[in-house]
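Chemist:
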Amino acid sequence: MSLAVLNQVYDETRRLAIAGSNLAAGDFRLTKLVDPLEKSAAKAPVFGQVAASIQRLVDAPADESAQALLDLSSLVSAILYTQGQTTIQGDLEPIATSSLGTQTTQVSAKLMKPLLEALTSTGSGRMETIREAYDQGAFADLRIINLAVAALDDTYPELADFVADRILPGYGRAIVPLIAQEIDIKGRAGNVRRLRTLYRLDPQAARPLVLEAFGNGSKDMKIAALGCLGDSDDDLPHLHDQAKARSKEVRRVALERLARFDDEKTIAIYSAALNSKDLELAAIPVSQNASATLAEVARETVRQQATDLLESKTRTKLGPALVRFHTLLLTLQERSDEPTLELLQWLFSQHAALTALKGTPVSGADVVQQLTQVMLSTGAASMHQLLVESRDELPDDIFVNSLRAGVESLTPQEVYKVFSPYYQVGSKVRGKAKQRHEAVQRFIVYGGDRDLWYMHSRVAAAHRDSDGDETDPSRPRVWDPAWLDDAIAQDDLEAVTELATMSTPPLDEYLSTKFAALLKRSARVYELRNVVAVMIRIGHAEATDSWIAAIEKLGSKSSGYGLYWITQLAGDLPAAEIPKVEAILPTLPESAVDEIVAALGPRRQEAGT
8 MSLAVLNQVY DETRRLAIAG SNLAAGDFRL TKLVDPLEKS AAKAPVFGQV
58 AASIQRLVDA PADESAQALL DLSSLVSAIL YTQGQTTIQG DLEPIATSSL
108 GTQTTQVSAK LMKPLLEALT STGSGRMETI REAYDQGAFA DLRIINLAVA
158 ALDDTYPELA DFVADRILPG YGRAIVPLIA QEIDIKGRAG NVRRLRTLYR
208 LDPQAARPLV LEAFGNGSKD MKIAALGCLG DSDDDLPHLH DQAKARSKEV
258 RRVALERLAR FDDEKTIAIY SAALNSKDLE LAAIPVSQNA SATLAEVARE
308 TVRQQATDLL ESKTRTKLGP ALVRFHTLLL TLQERSDEPT LELLQWLFSQ
358 HAALTALKGT PVSGADVVQQ LTQVMLSTGA ASMHQLLVES RDELPDDIFV
408 NSLRAGVESL TPQEVYKVFS PYYQVGSKVR GKAKQRHEAV QRFIVYGGDR
458 DLWYMHSRVA AAHRDSDGDE TDPSRPRVWD PAWLDDAIAQ DDLEAVTELA
508 TMSTPPLDEY LSTKFAALLK RSARVYELRN VVAVMIRIGH AEATDSWIAA
558 IEKLGSKSSG YGLYWITQLA GDLPAAEIPK VEAILPTLPE SAVDEIVAAL
608 GPRRQEAGT
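Following this line, the structure appears as C-alpha cells:
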C-alpha cells in the first residue's frame, strides 16, 4: 500500500508539535487528508483509524488538543515504523572517518546565542564575540562546525581570516570534504581561504585543486595556489618562472616557497634578488634556505654593504644605503654557523660608528637595533654574552636587547644581580636612568617591546602556545624572588601582579593595603581587578572577602564594564567559598548574578553542589 498520505500526516503532526496543538482546530492541511485515508480504509482499516484521529484533533477544544495531537502522532509513527524498510542489499564496507578531536554539545545557550548571531549576521562587535567564544572553547561544539566553515566567506576579512587561521585547523582533516566541495577556482576571498585551509589540513588531497587553480584560476586563486606549491621538486619550474613575474606579490610568494630548495637555479635567483629591488622580498627566505653557498653569498653581500657605509666620506644623507643594509641583515637571522657569528661580532664592534650614520627613513641607530635583534635570534652564547657585556655602551632604546640576552643566557639570580640596579633607582629619576628603569619594568610586566621582537623574526612561529598565541621566549619562567621585594618597595603594582606567585607576609600586607586604597577609587577598576586576581591566585586569606567587597561596591553603582571583569574571577575562587558567594547574590543586579553563576559552574561541580 502507498504510504505517501501517512508521510504527509506525519509531517503535519511535526509542524503542529512545534507551532502548538491549539492551532490544529480546523486545520485545512490535515482536513484534506481525511478523505483519501477513509477511501484507503476499505483495504487497510488502519487508515480509517488515522482518519478518525485526525478528525478528533481538528475538532478538539484547545484544552484537549495536546492529547489528541499526541494520539495521532503516536499512531502514525507506529504505522510508519512497522512499514518502513530498515535494511539494504549489498556487502558491508567500512565508512571512512576522521577524528574531530574532543567535541561537545554542552555549550550553554547564553554563549551559543550571541555566537550564532555573530557568525550569521553583519555589523560591529562580532569579532570580539567570536574571540571570546573561541577562548572559552565554544567552537568544539558540533553545532558550530558548518557555520564556522561558512564564515570563510564573511564580509569582514579579519573575522574570516581568524576563522581560517585559528578555528578551522582545530577540526583536523574531518572537515576537508566540507571545504573542498565549496571551492570555486574562479572565485576570490572566501575561496582563497578555502584553498589555503584545505592545503593546510591535507596537502595531498589539496594538490589536484592547487594545480588546477594555479593553471586556470582567478588572479587571487593563482597566487594562493602558488603559495601551496613547493612540496615537490615538480613544482620548481613553476616557482622559478613566477619568481620573475611582473607582479610583486607573485614574486614575493614564489621567493618564499623557494626557500626549501638549494638547486643551482634557485641560488642564482636569490643571489640576483639580493642586489635588486626584490631584496625586501628575498631577505627572510634567504635566511631560511639551507644552502651553504647562498649563506656565503649573503654574508659577503652584508660585509660589502657595511664596508661601503663605514668607508663613506659622508655620514649623512645615507638613507637608501641604510635601508638596504637594514634589510640585508635579515638574511643572517637565526644562523649560528661560525662564519656568520664572526661577521656579526665584527659588525657589532662597529656599532658606535654605525650609530653615527644619518639617514631617513632608516638611521644608523635603526641598523644597530636590527643588528642586535639578529644577534639574539642566533641563540649563540657568544652573541648573548657580547650584548650583556655591552649593555652600558648601547643606546637606551636598544638596552632592552641586552636585557633579553641576559634573561636568555643567565640564571634568574644572575639576571637579578646584573640588571636589578637599573630597576632599583625608581621611576622618579630622569634621563638615561629613567629610560633604563622603565625598560626593565616593561620587560618584567610585558616581556619588553613585543612588536619590536617579533617584527622580522621567525622566532614567533616557534614560540606559540597550543592556541596559536605568541609567547615571549625571552621571559624567564622563574624570576628571582628579590625582584618582587623591589617591586613592593617601589609600589610598582604592575610588576607586583606579574611577579607574585605565592603568599608571603610582605606581599599579603601590600595587597591588602593596595586593595583598600583602590576600593575607594572606583575609577581604577582595572587595577582593582588585578589586585583581587593576584590575591586569589596566591591564596591570600582575604581573597574571597576582597572579591565580595569589590562586587558589592561596583554592583551598587551598576558599573557594567568594570563589574563584568570582577565577576569573571568567581570561577577562580576556592570551591569551599561558594556558600559565602551565594549569600550575596540576592543583593546584586541580575546581570551580575548571571555572570557569577556561569563562572561558578566548574566550582559547583568540584564542591558537589
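If you want the working numbering, it's the position in the sequence shown, counting the first as 1, plus 7. All C-beta atoms, glycine included, are put in the ideal place defined by N, C-alpha and C.
1) Nearest CA to the CA of D70: which residue from L99, A31, I86?
2) Can you name the start and end residues of the alpha helix (DSSP H) that M382 belongs to?
3) Sorted by chain position, which residues of the same chain lie with C-beta nearer than 8 Å to D373's C-beta, five sequence neighbours on each side aside?
4) Please say whether A550 and I651 have beta carbons closer to each other than 8 Å?
5) Using a 10 Å radius around the Cβ and a threshold of 16 neighbouring Cβ atoms, would you call Y178 buried or exposed?
6) Do you know how far the Cα of R411 is from the Cα of E505?
7) Taking 8 Å as the threshold, find out whether the region 215-232 comes into contact with the region 166-181 through three or more Cβ pairs.
8) Apart from the five residues on each side of it in sequence, which residues of its chain come closer than 8 Å, Cβ to Cβ, to I573?
9) Flag this pair as yes or no: are the beta carbons of D493 and S427 separated by less than 8 Å?
10) Could you check what DSSP says for V600 in three-state terms: helix, strand or coil?
11) For the alpha helix (DSSP H) that F221 lies in, which residues bound it at each end?
12) Give me the Cβ distance between Q431 and A502, rounded to the nearest whole Å; I'm assuming they're in contact under 8 Å.
13) Should the region 350-359 be regarded as contacting the region 384-396, the criterion being three or more beta carbon pairs within less than 8 Å?
14) Would you report the Cα separation of P513 and L526, rounded to the nearest angstrom?
15) Who are the Cβ neighbours of A24 in its own chain at under 8 Å, not counting the five residues just before and after it?
16) Is N29 helix, strand or coil when you go by DSSP?
17) Among L118, P52, L361, which residue has its Cα nearest to the Cα of L317?
18) Under the rule that 16 or more other beta-carbon atoms within 10 Å means buried, what is G97, buried or exposed?
19) On the premise that L205 lies in contact with I192, defined as a C-beta separation below 8 Å, what is that separation, rounded to the nearest angstrom?
20) Where does T321 fall in DSSP's three states?
21) Going by other Cβ atoms of all chains shown within 10 Å of its Cβ, with 16 needed for buried, is T294 buried or exposed?
22) For Y429 and A489, which I take to be in contact (beta-carbon distance under 8 Å), what is that distance rounded to the nearest angstrom?
23) Please return the same chain residues whose Cβ sits closer than 7 Å to the Cβ of T273, not counting the five positions on each side in sequence.
24) Using the Cβ count rule (16 or more neighbours within 10 Å means buried), how would you classify S47?
25) Taking buried to mean at least 16 other C-beta atoms within 10 Å of its own C-beta, is D5 buried or exposed?
26) Give the list of continuous alpha helix (DSSP H) stretches no shorter than 4 residues that lie fully inside the region 228-315.
27) What is the DSSP secondary structure of Q340, counted as helix, strand or coil?
28) Going straight from the alpha carbon of D209 to that of N408, what length do you get?
29) Using only alpha-carbon positions, find the residue among E100, A158, F169 that is nearest to L123.
30) Going by DSSP in three states, H391 sits in which element: helix, strand or coil?
31) Kindly indicate which three-state DSSP category T367 falls into: helix, strand or coil?
32) Once you ignore the five residues that flank A78 on each side, which residues in its own chain have a CB closer than 7 Å to its CB?
33) Leaving aside the five residues before and after E341 along the sequence, list all residues of the same chain whose C-beta is less than 7 Å from its C-beta, in chain order.
34) Using a Cβ-Cβ cutoff of less than 7 Å, which residues in the same chain neighbour L570 once the five nearest sequence positions on both sides are dropped?
35) Can you give the Cα-Cα distance for A469 and V588, rounded to whole angstroms?
36) One question on the structure: do V16 and V83 come within less than 8 Å of each other, judged by their Cβ atoms?
Modeler: Short version:
1) A31
2) 371-385
3) L329, H333
4) Because the chain is modelled from 8 through 616, residue 651 falls outside the range shown and cannot be assessed.
5) buried
6) 17 Å
7) no
8) V532, L535, R536, V539, W554, A557, I558, L561
9) yes
10) helix
11) 210-223
12) In fact, because the Cβ distance is near 12 Å, the residues do not count as touching under 8 Å.
13) yes
14) 20 Å
15) L76, S80
16) helix
17) L361
18) exposed
19) At roughly 12 Å, the Cβ-Cβ gap does not stay under 8 Å, so I192 and L205 are not in contact.
20) coil
21) The question names Thr, yet the displayed sequence has Ser at residue 294. S294 is buried by the Cβ-count criterion.
22) That pair is no contact at about 14 Å.
23) L265
24) buried
25) With the chain represented from 8 up to 616, any question about residue 5 goes unanswered, as that position is not in the structure.
26) 243-249, 255-264, 271-280, 286-295
27) coil
28) 40 Å
29) A158
30) helix
31) coil
32) The amino acid at residue 78 is misidentified as Ala; the sequence shows Asp. Excluding sequence neighbours, D78 sits near S60.
33) S294, S384, T385, R465
34) L561, G562, A599
35) Its pLDDT being 31, under 50, A469 is placed unreliably in this model, and the value from its coordinates should be taken loosely. So the two alpha carbons sit approximately 42 Å from each other.
36) yes
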